[in-house]
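Data first, discussion second: the structure below is written as structure tokens.
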Amino acid sequence: MSIRALSISLACCTLSLASLASAANTPPPASVPVVLKAAHIFDAVSGKLADHGVVVVQEGLITGIGPDAKIPANARVIDLGDATLMPGMIDSHVHMDGEFHEDYYKGFFEDLMRFPAEQALYAAKYAKETLEAGFTSVRDVGSTDFIAVSLKHAIDDGVTEGPRMIVSNYAIGSTGGHADGQDLLPTMAPPYGPLQGVCNGPDECRAAVRYQMKYGAGVIKFMPSGGVLSLKDPVDVPELTQAEMDAIVSEAHAWHRKVAAHCHGDLAAKMAIQAGVDSIEHGTFLQDDTLKLMKEKGVYLVPTLYASYWVGQKADTYPKPVHDKALAAAAQSQIMFQHAVKLGVPIAFGTDSAVEPHGLDAQEFWLMTKNGMSPADALMAATHAAAQLLYGEHGQKNVDAPVGTLQVGKYADIIALPGDPLKDIHATEHPLFVMKGGVIYVGGK
Ligand SMILES: [Zn+2]
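Quick note on the numbering used here: the sequence shown kicks off at 103 and runs consecutively.
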């Protein structure tokens, strides 16, 4: 390496360390206290709706709640009228580095030709759309080129607008499996390795986890079973051995990171649960005994119903192998969800946004309520329950999450939905007010 190249690379490293150190520099919230009022307020802990909603916000935090809250003399009062105040919503399963394309082949080509910096600009647009849809926190469970972690830093620094993000970096899985995003011929591009999440054998899988954590993963995502949108693999088979899954999960837990397991197939889910995962994503073909095991062990289901519904609707736009898998998943996911609700499996809201266009996250709600979940439970899945999944450590109960509830001392991540969302769940699709960390992004004029 030349002296010049070395000095450039050192300068680059100094810069990135500096930007990491300033990651907490979110845009300053209004210094004037704000009082939010609305006809109703939703308590995400009890699932109850109360009248005369009042929330006091100062310096980015909730400092008072309820009709008896002390109102600071200089407060700006925003009366949202016939609306419901509730915590900012949380999507536990998104991918900010990409988006559905009506023309699969054109989308494939564009993905191939865009530089990571170019793709990151699209990611910033997706993040803004997600925030404006009322989702003030997301968990990004799989992105390429470290785009999601870069986006997270830019949002934390106030450079661009988006939700709070917990990111996994690359998802981890075997060669040829759902995590292996290198679909080009080996003569055209080198195969992926542990840095890009592809591993074979427990040692490589540990290395893959360590790389993601080294570069900022706050959660580890891995692929025990096949996927719908991947070209080569069957959707429901295990794609990792038990020893590989054990290595991935134990390595992540050693760093106090939770682990999300992509599972359509039942056997893969059973193996992942044995390895100690914190959530099963999708869960399409899960059997009742597996769902019961999840309830027993407190493993969350992140159902992504809208993604399965979407790929079913769009099946004809995919190549033949994906088309067939999409129809099979679409036919089963809602049935599995009905069983999960009946059995009392803990459920955290998640959409797989990117499979469908960003900003449509709230479409998940009507599918949840159509398939047996009460509107109150659905709202809790997207607030309190999701916060329990995103924060804390493996096995921890009653996590004191900074988001997901309207309580004194929590971040002022607050939205208002028109009318009463318990009577009309579609209200979630049209937030008329969105605040994150005391900063207003939608409404409040
Ligand atoms: Zn996903």
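Glycine residues also receive a C-beta, built at the ideal position from the N, C-alpha and C atoms. This structure is a prediction, so every number in the text was calculated from the model and none was measured.
Any non-hydrogen atom of ligand 2 closer than 8 Å to residue i Cβ
| i | result |
| --- | --- |
| Thr406 | Absence of ligand 2 is noted for the structure shown, with ligand 1 being the only ligands found. |
Integer Cβ distance of residue i from residue j, believed to fall under 8 Å
| i | j | result |
| --- | --- | --- |
| Gly166 | Val158 | 3 Å |
| Ile488 | Ile192 | One detail in the question is off: residue 488 reads as Ala in this sequence, not Ile. Sure, about 4 Å apart at Cβ, within 8 Å. |
| His486 | Gly506 | 5 Å |
| Leu243 | Thr232 | For the sequence presented, residue 243 should be read as Val rather than Leu. The pair is not a contact, with the Cβ atoms about 14 Å apart (cut-off 8 Å). |
| Ala518 | Pro533 | 7 Å |
| Ala456 | Gly183 | Going by Cβ atoms, the distance from Ala456 to Gly183 rounds to 35 Å, so no, they are not a contact pair. |
| Tyr272 | Gly299 | 3 Å |
| Ser381 | Leu491 | 6 Å |
| Ala185 | Ala140 | 4 Å |
| Gly521 | Ala529 | 6 Å |
Own chain residues within Cβ distance below 6 Å of residue i, not counting five before or after
| i | result |
| --- | --- |
| Trp357 | Met315 |
| Leu388 | Asp368, Ala371 and Met438 |
| Pro477 | Thr471, Leu524 and Ile527 |
| Val137 | Val158, Ile173, Ala177 and Val179 |
| Arg266 | Ser239 |
| Met417 | First, the amino acid is wrong: residue 417 is Ala here, not Met. Closer than 6 Å at the Cβ level, and outside the excluded window around Ala417, lie His425, Ala428 and Leu429. |
| Pro135 | Gln160, Pro174 and Ala177 |
| Glu353 | Arg308 and Val311 |
| Gly155 | Ala140, His142, Ile143 and Leu187 |
| Gly378 | Val351 |
| Ile257 | Gly264 |
Where residue i falls, given that 16 or more other Cβ within 10 Å makes a residue buried
| i | result |
| --- | --- |
| Tyr408 | buried |
| Gly236 | buried |
| Ile437 | exposed |
| Gln415 | exposed |
| Tyr543 | buried |
| Ala123 | Confidence at Ala123 is low in this model, with a pLDDT of 35, below 50, so its placement is unreliable and no value can be given for it. |
| Glu204 | exposed |
| Pro411 | Here residue 411 is Tyr; the residue named in the question, Pro, does not match the sequence. Label assigned to Tyr411: buried. |
| Thr289 | exposed |
| Asp454 | buried |
| Tyr402 | buried |
| Tyr207 | exposed |
| Asp305 | exposed |
| Gly497 | exposed |
| Leu151 | buried |
| Gly320 | buried |
Nonlocal neighbours in the same chain, by C-beta distance under 8 Å from residue i, ignoring five residues either side
| i | result |
| --- | --- |
| Ala483 | Ile449, Ala450, Phe451, Met470 and Met475 |
| Ser133 | Glu161 |
| Ala433 | Gly414 |
| Ile249 | Met198, Asp199, Pro218, Gln221, Ala222 and Ala225 |
| Leu297 | Tyr272, Ala310 and Tyr313 |
| Lys230 | Thr262, Glu263 and Gly264 |
Assigned secondary structure, residue i (DSSP; H/G/I helix, E/B strand, else coil)
| i | result |
| --- | --- |
| Cys301 | coil |
| Arg216 | coil |
| His364 | strand |
| Pro326 | coil |
| Asp145 | strand |
| His528 | helix |
| Asp391 | helix |
| Leu138 | strand |
| Phe189 | In the sequence as displayed, the identity of residue 189 is Pro instead of Phe. Here Pro189 sits in strand by DSSP. |
| Gly414 | helix |
| Val179 | strand |
| Gly446 | coil |
| Glu383 | strand |
| Val251 | helix |
| Ile542 | strand |
| Ser435 | helix |
| Gly209 | helix |
| Ala123 | Residue confidence is low: Ala123 scores 35 on pLDDT, short of 50, so the model does not pin down where it sits. Its coordinate-derived value is still stated next. The answer is helix: DSSP assigns Ala123 an H, G or I state. |
| Lys397 | helix |
| Thr262 | coil |
| Ser352 | helix |
| Ala281 | coil |
| Phe467 | helix |
| Tyr402 | strand |
| Gln160 | strand |
| Arg241 | strand |
| Leu519 | strand |
Sequence-distant residues of the same chain with beta carbon closer than 7 Å to residue i, five excluded per side
| i | result |
| --- | --- |
| Lys394 | Leu445 |
| Cys307 | Ile274, Cys301, Glu346, Ala349 and Ile350 |
| Gly546 | Ile180 and Phe535 |
| Asp335 | Gly278, Gly279, His280, Gly328, Gly329 and Glu341 |
| Thr406 | His195, Glu383, His384, Gly452, Thr453 and Asp454 |
| Glu458 | Phe202, Tyr408, Ala409 and Trp412 |
Residue-chain proximity (residue i, chain C), Cβ-Cβ < 9 Å
| i | result |
| --- | --- |
| Lys397 | You won't find chain C in this structure, because it holds only one protein chain. |
inquiry  = Which residues neighbour ligand 1 when neighbourhood means a C-beta less than 6 Å away from any of its non-hydrogen atoms? List them by chain order.
reply    = His195, His197, Val243, Gly244 and Asp454
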